[in-house]
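See below for the structure under consideration.
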């Protein structure tokens, strides 16, 4: 991607018109929630998250167009970001195994949507060797996952398009931090219902905008994942939508689904946002990072290491309490198609 050309051609193409009503309930009482930036790759841009007073839905406003999403997602899971994402994904193995165990059974066909490299399928097939795993993702990395044998079938198409030709084909559909990144979660869930057999299971995991850390850490809350996350749904909203979409919720994990990294990740996010870049990323306007900048970044990160360790220790202790309640940064739902 020619980042310079994309920006100089006008960032207006990256956004839809600003919405005056809530995309979830249609309410008109919309308030400003927070303004966030891309604190992971530090690509240029500022993004507004609004909140509906009536239903609590939090949404990107104005929302990115397909072209805008392509700009900000490019090189995040693939390209220059491939190795970083792959290294981070290695730490999710225990969580993936818990997700599979939560679903239970011995499904014949499992579809993972928003599969990225296919790490979830790689772990899931270890527990379910007789299950055929399908994966959808817009990145070409999912095709590499198929080549590695992590998934049996991979496609770079949208779930809505895929559902048109694969009705009632799957026993399980997993959407792990996928619905937040879609412009219309309701349409996505309708497609999930379409591809599931009657009695099939949907496994959904999404960010919880009601987390106390969302307000405590402000723009440095790790789970904003700006600008990829466009819709953040409170638990009650998601449960109601599932019921309207033909599902029955059988299991819900709120505190247990919490990821114990809020404080450490907020500190790391703030450091990454304010320090000089780690390398001359292709979206920067300059082709090199000076020696002074490299020294400043490395020195600051070394000095911050004890604080990061302390923050992680606090996160792990807080998780013991959070896991017993409902205030985690993530919630997880298992729902059966009626």
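Numbering (the numbering used here), first residue to last: 1029 to 1366. Idealized CB from N, CA, C, for every residue including glycine. Keep in mind that this is a model prediction, so the values were computed, not measured.
Could you round the C-beta distance between residue i and residue j to whole angstroms and report it? I think they count as a contact, below 8 angstroms.
{"i": "residue 1150", "j": "residue 1167", "result": "Actually they are not in contact, since the Cβ atoms of residue 1150 and residue 1167 sit about 16 angstroms apart, beyond 8 angstroms."}
{"i": "residue 1134", "j": "residue 1235", "result": "That belief does not hold up - the Cβ atoms of residue 1134 and residue 1235 are roughly 30 angstroms apart, past 8 angstroms."}
{"i": "residue 1230", "j": "residue 1363", "result": "5 angstroms"}
{"i": "residue 1257", "j": "residue 1083", "result": "Going by Cβ atoms, the distance from residue 1257 to residue 1083 rounds to 17 angstroms, so no, they are not a contact pair."}
{"i": "residue 1188", "j": "residue 1215", "result": "6 angstroms"}
{"i": "residue 1039", "j": "residue 1073", "result": "7 angstroms"}
{"i": "residue 1283", "j": "residue 1354", "result": "6 angstroms"}
{"i": "residue 1066", "j": "residue 1100", "result": "7 angstroms"}
{"i": "residue 1107", "j": "residue 1069", "result": "Not a contact, Cβ separation roughly 11 angstroms."}
{"i": "residue 1092", "j": "residue 1334", "result": "Actually they do not touch by this definition, with Cβ atoms about 38 angstroms apart."}
{"i": "residue 1297", "j": "residue 1248", "result": "5 angstroms"}
{"i": "residue 1029", "j": "residue 1102", "result": "5 angstroms"}
{"i": "residue 1208", "j": "residue 1286", "result": "So it is not a contact: roughly 16 angstroms between Cβ atoms."}
{"i": "residue 1237", "j": "residue 1262", "result": "6 angstroms"}
{"i": "residue 1152", "j": "residue 1128", "result": "5 angstroms"}
Based on DSSP bridge pairs, tell me the residues matched to residue i.
{"i": "residue 1160", "result": "1137"}
{"i": "residue 1043", "result": "1092"}
{"i": "residue 1259", "result": "1087"}
{"i": "residue 1361", "result": "1232 and 1280"}
{"i": "residue 1169", "result": "Partner(s): none; residue 1169 has no beta bridge."}
{"i": "residue 1077", "result": "1062 and 1088"}
{"i": "residue 1182", "result": "1163"}
{"i": "residue 1190", "result": "None; residue 1190 has no bridge partner."}
{"i": "residue 1275", "result": "1365"}
Excluding sequence positions up to five away, which residues of its chain have a Cβ less than 7 angstroms from the Cβ of residue i?
{"i": "residue 1206", "result": "1141 and 1142"}
{"i": "residue 1131", "result": "1200, 1229, 1231 and 1362"}
{"i": "residue 1197", "result": "1137 and 1223"}
{"i": "residue 1321", "result": "1304"}
{"i": "residue 1294", "result": "1245, 1248, 1249 and 1250"}
{"i": "residue 1059", "result": "1078, 1079 and 1081"}
Spatial neighbours of residue i within its chain, please: CB distance less than 8 angstroms, with the 5 preceding and 5 following residues excluded, ordered by chain position.
{"i": "residue 1182", "result": "1143, 1146, 1162, 1163, 1164, 1165, 1170, 1171, 1173 and 1174"}
{"i": "residue 1090", "result": "1043, 1044, 1045, 1046, 1047 and 1076"}
{"i": "residue 1308", "result": "1314, 1315, 1316 and 1317"}
{"i": "residue 1160", "result": "1136, 1137, 1138, 1180 and 1181"}
{"i": "residue 1275", "result": "1217, 1221, 1230, 1363, 1364, 1365 and 1366"}
{"i": "residue 1303", "result": "1324, 1325, 1328 and 1329"}
{"i": "residue 1227", "result": "1364 and 1365"}
{"i": "residue 1332", "result": "1295 and 1299"}
{"i": "residue 1240", "result": "1355"}
Got a sec? Which residues, its chain only, sit under 6 angstroms from residue i by beta carbon, not counting five neighbours each side?
{"i": "residue 1281", "result": "1360"}
{"i": "residue 1041", "result": "1095"}
{"i": "residue 1252", "result": "1064"}
{"i": "residue 1311", "result": "1031 and 1071"}
{"i": "residue 1217", "result": "1273"}
{"i": "residue 1203", "result": "1141 and 1232"}
{"i": "residue 1050", "result": "1080 and 1085"}
{"i": "residue 1292", "result": "1336, 1339, 1340 and 1343"}
{"i": "residue 1061", "result": "1077, 1078, 1079 and 1086"}
Establish whether the CB of residue i and some CB of chain B are separated by less than 9 angstroms.
{"i": "residue 1291", "result": "Here there is only one protein chain, and chain B is not present."}
Q. Using 8 angstroms as the Cβ pair cut-off and three pairs as the minimum, do the region 1311 to 1328 and the region 1188 to 1202 touch?
A. no
Q: List in chain order: all unbroken alpha helix (DSSP H) runs of 4+ residues lying wholly within the region 1194 to 1246.
A: 1213 to 1223 and 1240 to 1244
(Q) Closer than 8 angstroms is the cut-off here; do at least three beta carbon pairs connect the region 1338 to 1350 with the region 1112 to 1126? (A) no
Q | alpha helix (DSSP H) segments (min. 4 residues) lying fully within the region 1295 to 1319 | A | none
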